[in-house]
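Working notes, structure below.
Numbering (our numbering), first residue to last: 1 to 73.
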């Protein structure tokens, strides 16, 4: 006999899935930006399948976030 999950609200399931997706996407973007800074944008673009312009956007966003967070201190 298997245990069944209690009935959950479908909207709650959607919200949790969206939150998990956003967190995963942010982690991916952070890793890509860090790698681009460390080993170069071209290598990371090739490895990730993203365009050079998207890699540049991620690096720029990371740098802007870093400068914003240091100003807030």
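Positions of the beta carbon are idealized from the N, C-alpha and C atoms, including for glycine.
- For residue 40, the secondary structure class from DSSP, reduced to helix, strand or coil, is coil.
- At the C-beta level, residue 55 and residue 37 stay beyond 8 Å of one another.
- At least 8 Å separates the beta-carbon of residue 51 from that of residue 43.
- Straight-line measurement puts the Cα of residue 22 at about 19 Å from the Cα of residue 60.
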